[in-house]
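Data first, discussion second: the structure below is written as structure tokens.
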Amino acid sequence: MEAANLASYYSKYRLSARVPVDYVEVKFVHKPNGAKPGYVIYENQQTLYVTPEKELVYQLKR
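Under the UniProt record's numbering, the first residue of the sequence shown carries the number 1, and numbering increases by one thereafter.
Structure (structure tokens):
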């Protein structure tokens, strides 16, 4: 949940009440042949809906 909170806080949806965050096991992440650096596709993802919490982000920075 902490990672999902960080992802939602640093996204462009920071001010939204519920931010969808996808997560997936590493074995389901693949880079297509010839894809640009950083581009991946994934399957079998789960989605969490979290509310970005500023206080939690500051606690995790310490």
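Ideal Cβ placement from N, Cα and C applies to all residues, glycine included.
If you're wondering where the values come from, they're calculated on a predicted model, not measured in any experiment.
Pairwise C-alpha distance: K36 and Y42: Numbered from its first residue, the sequence shown carries residue 42 at position 42. Numbered from its first residue, the sequence shown carries residue 36 at position 36. If I take the Cα positions, the gap works out to 15 Å.
Quick check on N5: buried or exposed, where buried means 16 or more other Cβ atoms within 10 Å of its Cβ? Counting from one through the sequence shown, the residue named residue 5 turns up at place 5. Taking all protein chains shown into account, N5 has 16 or more neighbouring C-beta atoms within 10 Å of its C-beta and is therefore buried.
Measuring only the C-alpha atoms, how far is R18 from H30? Position 18 of the sequence shown, counted from the first residue, corresponds to residue 18. Position 30 of the sequence shown, counted from the first residue, corresponds to residue 30. Cα to Cα, R18 sits roughly 28 Å from H30.
First through last residue of the alpha helix (DSSP H) which encompasses Y9: To locate residue 9, count along the sequence shown from 1; it is residue 9. Counting along the chain, the alpha helix (DSSP H) containing Y9 begins and ends at E2 to Y9.
May I have the straight-line CA-CA distance separating V26 from S8, to the nearest angstrom? Along the sequence shown, read from residue 1 onward, the residue named residue 26 stands at position 26. Along the sequence shown, read from residue 1 onward, the residue named residue 8 stands at position 8. Taken atom to atom, the span from the alpha-carbon of V26 to that of S8 is near 20 Å.
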